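Visitor: After the structure tokens below, expect a handful of questions from me.
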Amino acid sequence: MYPALLPVPILCFVGALITDLAYIASADMMWLDFSSWLLLAGLIGGGLAGVLLIVELVRARERRALLPHFVFLLAAWVIEVFNSFIHARDGWTAVVPSGLSLSIVATVLGLLAGWFWQSARHRSVEIVR
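Everything in the sequence shown is counted per the numbering used here, starting at 2 for the first residue and increasing by one.
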């Protein structure tokens, strides 16, 4: 079940970064609203994925391969919690400069988490063969 939920927070966080950039380019409040909703969806999806990942970490034989993935995903999730609070403000200061900075950092961490997940999956397939 976890592999099905993993893309949800990563895609939502990337989408929030894109809508932050669109808001900076246009100053249309619609993009700020989209960012807020994408952050919320990513936080909910990331929370569910995190719970399932903890269960998988407890059950896994090779925990060391999954640990960097968990750390990066948790760091991205925590940063996006703070980013969500910043996006709750109204207007330009909800995105510029701290909201955009947090979106960039969390997106990079989320993408790294996905990369570590893929490398851990390939490593476990090689061990089984």
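Ideal Cβ positions, reconstructed from N, Cα and C, are used throughout, including at glycine.
Computed from a predicted model, the values in this text were never measured in an experiment.
1) Look up Glu63 in the DSSP assignment and say whether it is helix, strand or coil.
2) Would you check if there are 3 or more beta carbon pairs closer than 8 Å linking the stretch 52-69 to the stretch 86-102?
3) Quick one: Cα of Phe73 to Cα of Cys13, how far?
4) Is Gly111 closer than 8 Å to Ile25 when the C-beta atoms are compared?
5) I think Thr94 touches Leu18, with their Cβ atoms under 8 Å apart; what is that distance to the nearest whole Å?
6) With Thr20 as the anchor, note down where its alpha helix (DSSP H) starts and where it stops.
7) Using a threshold of 8 Å, state whether the C-beta atoms of Val9 and Gly46 are closer than that.
8) Buried or exposed: where does His123 fall if 16 or more other Cβ atoms within 10 Å of its Cβ makes it buried?
9) If distances are taken between C-alpha atoms only, which option among Ala77, Ala50, His70, Met31 comes closest to Val106?
Guide: Checking against the coordinates, here is how it stands:
1) By 1-based counting over the sequence shown, the position of residue 63 is 62. DSSP places Glu63 in the coil class of the three-state scheme, outside both helix and strand.
2) They do not touch, by the three-pair rule.
3) Counting from 1 along the sequence shown, the entry for residue 73 is found at position 72. Counting from 1 along the sequence shown, the entry for residue 13 is found at position 12. In a straight line, the C-alpha of Phe73 is about 16 Å away from that of Cys13.
4) In the sequence shown, residue 25 corresponds to position 24, counting from 1. In the sequence shown, residue 111 corresponds to position 110, counting from 1. No. Outside cutoff.
5) For the purposes of this step, residue 94 is identified with residue 93 of the sequence shown, where counting begins at 1. For the purposes of this step, residue 18 is identified with residue 17 of the sequence shown, where counting begins at 1. Contact doesn't hold; Cβ gap of about 17 Å is too wide.
6) Working through the sequence shown from its first residue, we reach residue 20 at position 19. In this chain, the alpha helix (DSSP H) harbouring Thr20 covers 8-27.
7) On the sequence shown, residue 9 is found 8 positions in, with the first residue counted as 1. On the sequence shown, residue 46 is found 45 positions in, with the first residue counted as 1. Yes, Cβ-Cβ distance for Val9 and Gly46 is below 8 Å.
8) For the purposes of this step, residue 123 is taken as the residue at position 122 of the sequence shown. His123 is exposed by the Cβ-count criterion.
9) For the purposes of this step, residue 106 is taken as residue 105 along the sequence shown, with counting starting at 1. When each option's Cα is compared against that of Val106, the closest is Ala77.
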